[in-house]
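What follows is a short report on a single structure.
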DNA sequence: CGCGACGTTGATTTGCCTCAACGATTGTGG
DNA sequence: CCACAATCGTTGAGGCAAATCAACGTCGCG
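Residue numbers (my numbering), protein chains in the order written: chain A, 133 to 326; chain B, 133 to 326.
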């Protein structure tokens, strides 16, 4: 059923009874995106958060020169939103786009705030998710600060072995923060070009 | 009074009545650190979180070559912990050290978990703090990915004008992810060496 | 006073970027 | 279903940002 994956995922962090989960999940609605379709554009106000059921998205920033810098890729069980825009009520600086035909469960900002009020467990859920996210981002910062591109590339392959197949090298390069030409050279050196 | 700063700080996110705040704050105990004193060492289990009343700390990672990479500096109103170790029960990979004589309010992991259970507001408090932290870290990642060292240095000066005076250039360089020699050259170029 | 941490400067090297050209692959409209 | 365009990936030449190494002056502290 549609909500199974969501149930499974949040069960890692909190326990909800069946009626509780029903109250929680009924606020999510299914939304489909075609490949290359835009989920969120820079400048608009982000008033949603979405749980990815299948497919793949890129969440990225467009720098002054118009180059995409990928903050992360979201596949099955990831969440997508522009957190800054969502919580601070500012125009989003991020863009989100589907890389393939995808399905997500969307909850509106309003409904999420409603849940925070009515279900303390949900506050806990997102508290934990934000903690995990903080830890992951801290690791990524340390990685960006002291590792050369080839090491970060290997790290990426280890960490997201399945993701690699869905992505072009340009997209991976954009996540690693290097040019795609240089990534190509790295692949040649380490002979990871099949 | 000792808890005033803490009260002021959490009031930005949640409202607590006087008795509620009392219940909250009584779980924090004052702890003093001398300059150069260690708060947390890599390898130990982090079972606390601390709110900085005054002074200054560096939170850093020691890479394979023994070079310090500073994740952040914590001054008045910042919190210090190794979140990964704290929440995932793993040995910490971070080190925390006082850069001057400092005072903090420490809460144990156990007491914090107790608060989560007994006071839903505290769950909200840390949910919000973790959100803000996620946003800040995302920004830092984008900055590391596309800005050159001199821009990041200027960014740092703007963002933390007061911090600059407490820190040596080596420490700032360690935060920016560059060598201190190079920071010195940047300062010369931009003639920010007074 | 003297030692160790700090900051500066220069020479050299390295990691990565930019630009450009080209082959391979994918996708799309006729 | 083919043809052609667009996107993707590879490769090379040249250049810049930043690291490394080394030498040296300065300062604060014990």
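Every residue gets a Cβ at the ideal spot worked out from N, C-alpha and C, and that includes glycine.
Fair warning: this is a prediction, and the values are worked out from it, not measured in the lab.
- Query: Which partner residues of residue 104 (chain B) appear in the DSSP bridge assignment?
  - Reply: Past the boundaries of the shown model lies residue 104 (chain B); chain B is included only from 133 to 326, so the question cannot be answered.
- Message: Within 8 Å of any Cβ in chain B, is that where the Cβ of residue 256 (chain A) sits?
- Response: yes
- Task: Pull out every residue of the stretch 179-208 of chain A whose Cβ sits closer than 8 Å to any Cβ of chain B, in chain order.
- Result: 193, 195, 199, 201, 203
- Task: Using a cut-off of 7 Å between C-beta atoms, extract the partners of residue 252 (chain B) located in chain A.
- Result: Within chain A, the residues whose beta carbon sits less than 7 Å from that of residue 252 (chain B) are 252, 255, listed in sequence order.
- Task: Decide if residue 280 (chain A) is buried, meaning its Cβ has at least 16 other Cβ atoms within 10 Å, or exposed.
- Result: exposed
- Could you spell out where the beta strand (DSSP E) holding residue 192 (chain B) opens and where it closes? Where residue 192 (chain B) is concerned, the enclosing beta strand (DSSP E) stretches over 189-194.
- Message: Contact between the stretch 188-199 of chain A and the stretch 215-234 of chain A is defined here as three or more beta-carbon pairs at a separation below 8 Å; is this criterion met?
- Response: yes
- Message: Is there a Cβ of chain A sitting closer than 8 Å to that of residue 315 (chain B), yes or no?
- Response: no
- Query: If you count every other CB in all the chains shown that lies within 10 Å of the CB of residue 259 (chain B), and 16 or more means buried, which is it?
  - Reply: buried
- Tell me whether residue 201 (chain B) sits in a helix, a strand or coil according to DSSP, three-state version. Of the three classes helix, strand and coil, the one that applies to residue 201 (chain B) here is strand, per DSSP.
- Whole-angstrom Cβ separation of residue 266 (chain B) and residue 269 (chain A), contact assumed at under 8 Å? 6 Å
- Message: Am I right that residue 241 (chain A) and residue 165 (chain A) are in contact with their C-beta atoms under 8 Å? What's the rounded C-beta distance?
- Response: Residue 241 (chain A) to residue 165 (chain A), Cβ: 19 Å. No contact.
- Message: Does the CB of residue 265 (chain B) have a neighbour CB from chain A at under 8 Å?
- Response: yes
- Message: Can you pull the chain B neighbours of residue 277 (chain A), defined as C-beta to C-beta under 8 Å?
- Response: 201, 276, 309
- Return the CA-CA distance between residue 163 (chain B) and residue 235 (chain B), expressed in angstroms with no decimal places. 6 Å
- Task: Show which residues of chain B have a CB atom less than 7 Å away from the CB atom of residue 215 (chain A).
- Result: 263, 266, 267
- Message: Measuring straight from C-alpha to C-alpha, what distance separates residue 147 (chain B) and residue 185 (chain A)?
- Response: In this structure, the alpha-carbon of residue 147 (chain B) lies about 37 Å from that of residue 185 (chain A).
- Item | Whether residue 251 (chain A) touches residue 152 (chain A) by CB criterion (8 Å) | Yes.
- Query: What residues in its chain sit with their C-beta under 6 Å from that of residue 326 (chain B), if we drop five residues either side in the sequence?
  - Reply: With a pLDDT of 37 at residue 326 (chain B), under the threshold of 50, the predicted position of this residue should be treated as unreliable, though the coordinate-derived value follows. The answer is none, since no qualifying residue turns up.
- Go ahead and pull the three-state DSSP assignment for residue 286 (chain A). helix
- Burial state of residue 274 (chain B), where buried means 16 or more other Cβ atoms lie within 10 Å: buried
- Skipping 5 residues on each side, what residues in its chain have a beta carbon closer than 6 Å to that of residue 204 (chain B)? 191
- Item | Beta bridge counterpart(s) of residue 170 (chain A) as assigned by DSSP | Note: residue 170 (chain A) sits in a beta bridge opposite A:229.
- Where does residue 214 (chain A) land, buried or exposed, given buried means 16+ other C-beta within 10 angstroms? buried
- Query: When DSSP labels each residue in this structure, what does residue 163 (chain B) get in the three-state scheme?
  - Reply: strand
- To the nearest angstrom, report how far apart residue 289 (chain B) and residue 140 (chain A) are at their CA atoms. 45 Å
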